[in-house]
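Mapping to UniProt numbering: the sequence shown position 74 is 74, numbers consecutive. A short worksheet on the structure shown next.
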Amino acid sequence: MLPLRTAFRARPATAFLTTARVTPPAARRFYHEKDIRPRNPGSLDKSDPAVGTGLVGAPACGDVMKLQIKVDESGTITDAKFKTFGCGSAIASSSYLTTLVKGMRLEDAAKIKNVDISKELCLPPVKLHCSMLAEDAIKAAIADYHTKNPGITASNLAGTAKAIPKAAEATA
Numbered sequence: 001m002l003p004l005r006t007a008f009r010a011r012p013a014t015a016f017l018t019t020a021r022v023t024p025p026a027a028r029r030f031y032h033e034k035d036i037r038p039r040n041p042g043s044l045d046k047s048d049p050a051v052g053t054g055l056v057g058a059p060a061c062g063d064v065m066k067l068q069i070k071v072d073e074s075g076t077i078t079d080a081k082f083k084t085f086g087c088g089s090a091i092a093s094s095s096y097l098t099t100l101v102k103g104m105r106l107e108d109a110a111k112i113k114n115v116d117i118s119k120e121l122c123l124p125p126v127k128l129h130c131s132m133l134a135e136d137a138i139k140a141a142i143a144d145y146h147t148k149n150p151g152i153t154a155s156n157l158a159g160t161a162k163a164i165p166k167a168a169e170a171t172a
């Protein structure tokens, strides 16, 4: 009979998992579900006028986040996708944000704060910049949507309804 230590060495670590979708118990203890299986990754057609794209980055850590929203005629976000190049906290923040904003009106989505995201994900203080990136990304995506659709009455990011001013034209 083999000693216990040798018996465990003889089996590869993956032999204890029944399928590829099973998360090892150690990972379940330390990672939030949104870190392990991010939702809504991908991208939308940025040439579509109903799609707003927000691209933000953090020079200090090198994280880059692209968030895209698709808005219907009534001003409701029908779809959201993200691509994030960075740490797990940045990926989890953008994943949570995309699930949060689906079905929201633009005015409500503009009011999302980084504190809401960081509390839901239990981010440590050194990772709060990831939730700030997500907040900046949704605001940039909403601003891009309003830039593509200048005739739509929209609210500013403070939430009070007002028409977006037209760009000043150069007079010759």
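Every residue gets a Cβ at the ideal spot worked out from N, C-alpha and C, and that includes glycine. Every value quoted in this text rests on a predicted model; they were computed, and no experiment measured them.
Would you report the Cα separation of Asp79 and Val71, rounded to the nearest angstrom?
Here residue 79 corresponds to residue number 79 of the sequence shown, with the count starting at 1. Here residue 71 corresponds to residue number 71 of the sequence shown, with the count starting at 1. So the two alpha carbons sit approximately 7 angstroms from each other.
For Thr99, count neighbouring C-beta atoms within 10 Å of its own C-beta (all shown protein chains included) and say buried if the count is 16 or more, exposed if not.
Mapped onto the sequence shown, residue 99 falls at position 99. Thr99 comes out exposed.
How is the alpha helix (DSSP H) around Lys70 delimited, first residue to last?
On the sequence shown, position 70 is the one that residue 70 refers to. Lys70 -> not in any alpha helix (DSSP H); beta strand (DSSP E) instead, spanning 63 to 71.
List in chain order: all unbroken beta strand (DSSP E) runs of 3+ residues lying wholly within the segment 46 to 121.
51 to 58, 63 to 71, 77 to 85
Rounded distance between the beta-carbons of Ser93 and Ile117, thought under 8 angstroms:
Mapped onto the sequence shown, residue 117 falls at position 117. Mapped onto the sequence shown, residue 93 falls at position 93. Their Cβ separation, rounded to whole angstroms, is 5 angstroms, which keeps Ile117 and Ser93 in contact under 8 angstroms.
Around the Cβ of Val51, are there at least 16 other Cβ atoms within 10 angstroms (buried) or fewer (exposed)?
What you label residue 51 is simply residue 51 of the sequence shown in a count that begins at 1. Per the 10 Å Cβ criterion, buried.
Do Glu135 and Asn114 have their C-beta atoms closer together than 8 angstroms?
Within the sequence shown, numbered from 1, the residue matching residue 135 stands at position 135. Within the sequence shown, numbered from 1, the residue matching residue 114 stands at position 114. Yes, these two residues count as a Cβ contact at 8 angstroms.
For Pro150, three-class secondary structure by DSSP
As a first step, residue 150 is located in the sequence shown; it is residue number 150 there, counting from the start. Coil.
Take the Cβ of Ser74 as the centre, count every other Cβ of all protein chains shown within 10 Å, and call the residue buried at 16 or more, exposed below.
Walking along the sequence shown from the start, residue 74 turns up at place 74. The residue in question, Ser74, is exposed, as its Cβ has fewer than 16 Cβ neighbours within 10 Å.
Should Ser131 be labelled buried (16 or more other beta-carbon atoms within 10 Å of its own) or exposed?
Translated into the one-based positions of the sequence shown, residue 131 becomes position 131. Buried, since its Cβ has 16 or more Cβ neighbours within 10 Å.
Taking Ile112 as the reference, which of Lys83, Ala137, Ala60 has the closest Cα?
Against the sequence shown, residue 112 aligns to sequence position 112. Selected option, being the one with the closest Cα: Ala137.
Please return the same chain residues whose Cβ sits closer than 6 angstroms to the Cβ of Leu55, not counting the five positions on each side in sequence.
Position 55 of the sequence shown, counted from the start, is the residue given in the question as residue 55. Lys66, listed in sequence order.
Measure the CB-CB distance between Ile77 and Leu121 and report whether it falls below 8 angstroms.
Within the sequence shown, residue 77 is the residue found at index 77, counting from 1. Within the sequence shown, residue 121 is the residue found at index 121, counting from 1. Result no, Cβ atoms of Ile77 and Leu121 do not sit closer than 8 angstroms.
Starting from the C-beta of Gly42, find all residues in its chain whose C-beta is less than 6 angstroms away, skip the five residues before and the five after it, and write them out in chain order.
Looking up residue 42 in the sequence shown gives position 42. Same-chain partners within the cutoff: Lys81.
Using the Cβ count rule (16 or more neighbours within 10 Å means buried), how would you classify Ala60?
For the purposes of this step, residue 60 is taken as the residue at position 60 of the sequence shown. The residue is exposed, with fewer than 16 neighbouring Cβ atoms inside 10 Å.
Is the CB-CB distance between Gly86 and Gly62 below 8 angstroms?
For the purposes of this step, residue 86 is taken as residue 86 along the sequence shown, with counting starting at 1. For the purposes of this step, residue 62 is taken as residue 62 along the sequence shown, with counting starting at 1. The answer is yes: Cβ separation under 8 angstroms.
Given that a residue counts as buried once 16 or more other Cβ atoms are within 10 Å of its Cβ, and exposed if not, what is Val126?
Taking the first residue of the sequence shown as position 1, residue 126 is located at position 126. Flag for Val126 reads exposed.
Do the CB positions of Ala58 and His129 come within less than 8 angstroms of each other?
The count along the sequence shown starts at 1 and reaches residue 58 at position 58. The count along the sequence shown starts at 1 and reaches residue 129 at position 129. Against a cut-off of 8 angstroms, the Cβ pair of His129 and Ala58 comes out as a contact.
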